[in-house]
Amino acid sequence: MNVRLTNLHLSYGRRHVLDGVSLGPLERGTVTGLLGPNGAGKSTLIKTIAGLKTPTLGEVIISDDGRHISGTQLRNVVGYLPQDVLATASLTVLESVLTSARSRSKTTVERAANLLERIGIAHIAHRFISQLSGGQRQLVALAQMVVRDPQVLLLDEPTSALDLHNQIEVLRLVRKAVDDGSKMAIVALHDLNLAACYCDRLVLLHAGGVHAEGQPSEVLTPDVLERVYGFRARVLDDHGIPVVRPVVTA
1 MNVRLTNLHL SYGRRHVLDG VSLGPLERGT VTGLLGPNGA GKSTLIKTIA GLKTPTLGEV
61 IISDDGRHIS GTQLRNVVGY LPQDVLATAS LTVLESVLTS ARSRSKTTVE RAANLLERIG
121 IAHIAHRFIS QLSGGQRQLV ALAQMVVRDP QVLLLDEPTS ALDLHNQIEV LRLVRKAVDD
181 GSKMAIVALH DLNLAACYCD RLVLLHAGGV HAEGQPSEVL TPDVLERVYG FRARVLDDHG
241 IPVVRPVVTA
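Counting along the sequence shown from 1, when you hit position 139 you're at 139 in UniProt numbering, and nothing is skipped either side.
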């Protein structure tokens, strides 16, 4: 399974959100982090890969052993976690996960219960989603996606509403899901240091295009950060993982 993006263009009116984005192939067993300032095109790119947005030019190719995947099969292969998760008043947490799994067999119920335990939300399994906080709903949405067992995980800022503990747990779960080599993940993130810890490759978007791409140490450099984010930073080395520290000025 791999994902390849070729010369993607997409506009909202006169504003070019994606302007010639090409990536890949992105392979199984890897986590790719999408970085960039607000408005850089991260969410739009995730939605385009998920098939929710249609590019005006270029194409998204998801293939398995050279076979192009599309249509109904693509919906089964791709899992998408949106940035904004809506409340569903009529379902409990467990019911919503079982609905996503499209099964209520004993085996599926056990698998869903185990998944809620792994994500750390088993204690709210029988609460209605409308009663949950934004962060809790985000964790439920993650469970709804993972229970379907997709091979391509697309996550749009999955840590945005979470405390630090749950941010780390979510990224650990994503990392564990792909480490057996059967899946891949593309994750839009704002936290540069978390991205460096949990992603194999980083793609830094700026002004609708790819400004930098590569291993975290290749992308997170002082020069690149100043050009894209407009701040000066020191980048330290923590056993091969870059750690970004802003330069504090008076």
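We treat Cβ as the ideally placed atom computed from N, Cα and C, and that holds for glycine.
Looking at the backbone, the Cα of residue 63 and that of residue 207 are separated by about 28 Å. Secondary structure at residue 122: helix, using DSSP grouped into helix, strand and coil. If you ignore the 5 residues before and after residue 126, its C-beta comes within less than 6 Å of the C-beta of 92, all in its own chain and listed in chain order. Note: residue 2 is bridge-paired with 27, 63 in the DSSP secondary-structure output.
In its chain, beyond the 5 residues on either side, 42, 43, 83, 188, 189, 190 have a beta carbon closer than 8 Å to the beta carbon of residue 157.
Using a 10 angstroms sphere on the CB of residue 137, the tally of other CB atoms reaches 16 or more, which defines it as buried. Per DSSP, the continuous alpha helix (DSSP H) segment holding residue 71 begins and ends at 71-77. Secondary structure at residue 223: helix, using DSSP grouped into helix, strand and coil. In this structure residue 31 is buried. Its beta-carbon is surrounded by 16 or more other beta-carbon atoms within 10 angstroms.
A direct Cα-Cα distance of roughly 19 Å separates residue 219 from residue 5. By the CB criterion at 8 Å, residue 57 and residue 21 fall outside the cutoff.
Under the DSSP assignment, residue 209 falls in the beta strand (DSSP E) whose first and last residues are 209-214. Its Cα nearest to that of residue 33, the residue 205 stands out among 244, 205, 143.
According to the DSSP secondary-structure assignment, residue 236 is paired through a beta bridge with 243. Following the DSSP letters along the chain, one finds residue 154 in no alpha helix (DSSP H) but inside the beta strand (DSSP E) bounded by residues 152-156. Residue 111 sits in a helix when the DSSP states are folded into three classes.
The three-state secondary structure of residue 190, taken from DSSP, is coil. The beta carbons of residue 194 and residue 173 sit no closer together than 8 Å.
Take residue 163, set aside five residues on each side of it, and the residues of its chain with a beta-carbon closer than 8 Å to its own are 135, in chain order. Per DSSP, residue 175 lies in no beta strand (DSSP E); the unbroken alpha helix (DSSP H) holding it starts and ends at 164-178.
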